[in-house]
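K.L.:
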Amino acid sequence: MSVKILAIETSCDETAVAVVENGRDVLINEVLSQIDIHKEFGGVVPEVASRYHMEGIIPLIEKALKGASLTLDDIDAVAVTNGPGLIGALLVGVSVAKALAFALGKPLIAVNHLSGHIYANFLENEINFPSVTLIVSGGHTDLIYMENHLEFQVLGQTRDDAAGEAFDKIARSLKLGYPGGPIVDKMANSGEDNLGFPRVYLEKGSLDFSFSGLKSAVINYLHNQKQKGLQVKIEDVCASFQQAVVEVLVDKTIECAKQKNVKHVMMAGGVSANSSLRSLMKERTIKNNLNLYYPPLKYCTDNAAMIGAVAYYQFIAQDFAPLDLNAFSTMTL
Ligand code: KG4
Ligand code: ZN
Numbered sequence: 001m002s003v004k005i006l007a008i009e010t011s012c013d014e015t016a017v018a019v020v021e022n023g024r025d026v027l028i029n030e031v032l033s034q035i036d037i038h039k040e041f042g043g044v045v046p047e048v049a050s051r052y053h054m055e056g057i058i059p060l061i062e063k064a065l066k067g068a069s070l071t072l073d074d075i076d077a078v079a080v081t082n083g084p085g086l087i088g089a090l091l092v093g094v095s096v097a098k099a100l101a102f103a104l105g106k107p108l109i110a111v112n113h114l115s116g117h118i119y120a121n122f123l124e125n126e127i128n129f130p131s132v133t134l135i136v137s138g139g140h141t142d143l144i145y146m147e148n149h150l151e152f153q154v155l156g157q158t159r160d161d162a163a164g165e166a167f168d169k170i171a172r173s174l175k176l177g178y179p180g181g182p183i184v185d186k187m188a189n190s191g192e193d194n195l196g197f198p199r200v201y202l203e204k205g206s207l208d209f210s211f212s213g214l215k216s217a218v219i220n221y222l223h224n225q226k227q228k229g230l231q232v233k234i235e236d237v238c239a240s241f242q243q244a245v246v247e248v249l250v251d252k253t254i255e256c257a258k259q260k261n262v263k264h265v266m267m268a269g270g271v272s273a274n275s276s277l278r279s280l281m282k283e284r285t286i287k288n289n290l291n292l293y294y295p296p297l298k299y300c301t302d303n304a305a306m307i308g309a310v311a312y313y314q315f316i317a318q319d320f321a322p323l324d325l326n327a328f329s330t331m332t333l
């Protein structure tokens, strides 16, 4: 049996549509990014994001179907992210998905954005369970344990800022632009980790994260240098900050894999595109005899192919949503 799912993702500042067959074959993956619009404001403006989703979503669905040489009749189900995210942005995707499912008489599948990030890994890899996933995005830093498809256990999470949020805030203090992660990553390449920023591990054995102390340390350093009239080497600030984040992320992921005695480790979310995180995680997983998976760059940041991937397993489990489905800004796995 072949299952083609039309997937819609509008949880933040990317309007995204994909058609995914059997959870693996991405027939089309369209992303309409609003980054250039929000850049001017130094971050995502929720109402502006909703309005652009509203304008973009139907033409993008038309474009996606055309690009895959499909019509709506070829679709077996409609999947949509219904949380977590910006509520106004989510409501646009959810309303469109409900209308399509109703008009076509096809099942509606409600997808948690975070499960989508995890399942981006399944698009190009055969992954066995049990596994541990490090989700690192603009809104989340979580360690998730899975024994089976769609069974998620949250073992660790951030107590304050998410990793991506910390990257974006540091970039903003350095006036580097938005989104900060990719820019800090690039600048860090020509800098050195020589500023001694703190690595915060919390209580012994804890799998939770905290990045607000590190963020304050960087901001205090910039402030002090300015007061003393001393030059700041931006590349070194980026490298020192990035290394402090990456070491904690990698150490805690390895600790989590050890605690749960798993062999399979995945990374997901926008920050998993970070070059230093990828290389240190590779090094440490090899050293500890673990298998590491991470999605290709285009599936790390927000996209709808990942929503189509997880929706396939929900389709098989007949996990369908009613037509009075709502959207939620916060949602756990
Ligand atoms: O997963 P994502 O696209 O959206 C959310 O669900 O939040 O993640 C966006 C986040 C932003 O904070 C962005 O700065 C960060 O991912 N990011 C990176 C890199 N590429 C994107 N952070 C560090 N290094 C990167 N190369
Ligand atoms: Zn995301």
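In UniProt numbering, the protein residues as written are 1 to 333. For each residue, glycine too, the CB sits at the ideal point set by N, CA and C.
#1: Tell me the start and end of each unbroken beta strand (DSSP E) in the region 59-121 that is at least 3 residues and wholly inside, in chain order.
#2: Taking the beta strand (DSSP E) that I5 belongs to, which residues open and close that run?
#3: Looking at I109 and A68, is the spacing between their C-beta atoms short of 8 Å?
#4: Are there any heavy atoms of ligand 1 lying less than 7 Å away from the beta-carbon of N274, as far as the coordinates show?
#5: Among the candidates L134, G181, P130 and I37, whose CA atom is the shortest distance from the CA of V248?
#6: Under a three-way DSSP split, which group does residue 351 fall into?
#7: Using a Cβ-Cβ distance under 8 Å, would P179 count as near chain D?
#8: Can you round the beta-carbon distance between A89 and S50 to whole angstroms, since I take them to be within the 8 Å contact cut?
#9: Spatial neighbours of A120 within its chain, please: CB distance less than 8 Å, with the 5 preceding and 5 following residues excluded, ordered by chain position.
#10: Where does L134 sit, in a helix, a strand or coil, going by DSSP?
#11: Is there contact between the region 1-10 and the region 71-88, where contact requires at least three CB pairs shorter than 8 Å?
#12: For A217, collect the residues of the same chain with a Cβ closer than 6 Å to its Cβ; drop the 5 residues on either side in sequence, then sort them by chain order.
#13: Taking 7 Å as the cut-off, is the CB of D161 close to at least one heavy atom of ligand 2?
#14: So does S137 have its beta carbon nearer than 7 Å to some heavy atom of ligand 2?
#15: Consult DSSP for F320 and reduce its assignment to one of helix, strand or coil.
#16: Whole angstroms is fine: what's the gap from F167's alpha carbon to A103's?
#17: Can you tell me the Cβ-Cβ gap for A171 and V184, rounded? I've got them flagged as a contact below 8 Å.
#18: Mind checking which residues open and close the beta strand (DSSP E) that includes F152?
#19: Since G93 and M331 should fall inside the 8 Å C-beta cutoff, what is the C-beta to C-beta distance between them, to a whole number of angstroms?
#20: Per DSSP, what are the beta-bridge partners of V17 in this structure?
#21: Out of E124, L292 and G56, state which residue places its alpha-carbon closest to the alpha-carbon of V262.
#22: Just grab the DSSP bridge partners of M266 for me.
#23: Please say whether G164 and S137 have beta carbons closer to each other than 8 Å?
#24: Who are the Cβ neighbours of L195 in its own chain at under 7 Å, not counting the five residues just before and after it?
#25: Less than 6 Å between C-beta atoms, sequence neighbours within five positions excluded: which residues of the same chain meet that for S212?
P.N.:
Taking the definition as stated:
#1: 77-83 and 108-112
#2: On the sequence shown, residue 5 is found 5 positions in, with the first residue counted as 1. Residues K4 to E9.
#3: As a first step, residue 68 must be located in the sequence shown, where it is residue number 68. As a first step, residue 109 must be located in the sequence shown, where it is residue number 109. No, they are not a contact pair.
#4: In the sequence shown, residue 274 corresponds to position 274, counting from 1. Correct: N274 has its Cβ closer than 7 Å to ligand 1.
#5: By 1-based counting over the sequence shown, the position of residue 248 is 248. It is L134.
#6: There is no way to answer for residue 351, as the model of the chain reaches only from 1 to 333.
#7: Of the protein chains in this structure there is only one, and it is not chain D.
#8: Counting from one through the sequence shown, the residue named residue 89 turns up at place 89. Counting from one through the sequence shown, the residue named residue 50 turns up at place 50. Correct: roughly 5 Å between the Cβ atoms.
#9: To locate residue 120, count along the sequence shown from 1; it is residue 120. Around A120: A268, P295, Y299, C300, N303, A305, M306 and A309.
#10: Here the question's residue 134 lines up with position 134 in the sequence shown. Residue state, collapsed to three classes: strand.
#11: yes
#12: Residue numbering aside, residue 217 sits at position 217 when the sequence shown is read from its first letter. If we look at A217 and ignore the five residues flanking it on each side, its Cβ neighbours are F197 and P198.
#13: Reading the sequence shown from its first residue, position 161 is the one you call residue 161. No - ligand 2 has no heavy atom lying nearer than 7 Å to the Cβ of D161.
#14: One-based indexing of the sequence shown puts residue 137 at position 137. Yes - ligand 2 has a heavy atom lying nearer than 7 Å to the Cβ of S137.
#15: Position 320 of the sequence shown holds residue 320. Here F320 sits in coil by DSSP.
#16: Taking the sequence shown and counting its residues from 1, one reaches residue 167 at position 167. Taking the sequence shown and counting its residues from 1, one reaches residue 103 at position 103. Those two C-alpha atoms are separated by around 43 Å.
#17: Sequence index remark: in the sequence shown, residue 171 carries index 171 (1-based). Sequence index remark: in the sequence shown, residue 184 carries index 184 (1-based). Confirmed, about 5 Å.
#18: What you label residue 152 is simply residue 152 of the sequence shown in a count that begins at 1. Segment F152 to Q157, the beta strand (DSSP E) holding F152.
#19: As a first step, residue 93 must be located in the sequence shown, where it is residue number 93. As a first step, residue 331 must be located in the sequence shown, where it is residue number 331. Going by Cβ atoms, the distance from G93 to M331 rounds to 14 Å, so no, they are not a contact pair.
#20: The residue given as residue 17 occupies position 17 in the sequence shown. In the DSSP output, where bridge partners are listed per residue, V17 has I8 and E30.
#21: Along the sequence shown, read from residue 1 onward, the residue named residue 262 stands at position 262. It is L292.
#22: Along the sequence shown, read from residue 1 onward, the residue named residue 266 stands at position 266. Bridge partners of M266: T133 and Y293.
#23: Position 137 of the sequence shown holds residue 137. Position 164 of the sequence shown holds residue 164. Contact: yes.
#24: Numbered from its first residue, the sequence shown carries residue 195 at position 195. The residues are Y221, D236, V237 and S240.
#25: As a position in the sequence shown, residue 212 is number 212, starting the count at 1. Excluding positions up to five away in sequence, the list reads D160 and D161.
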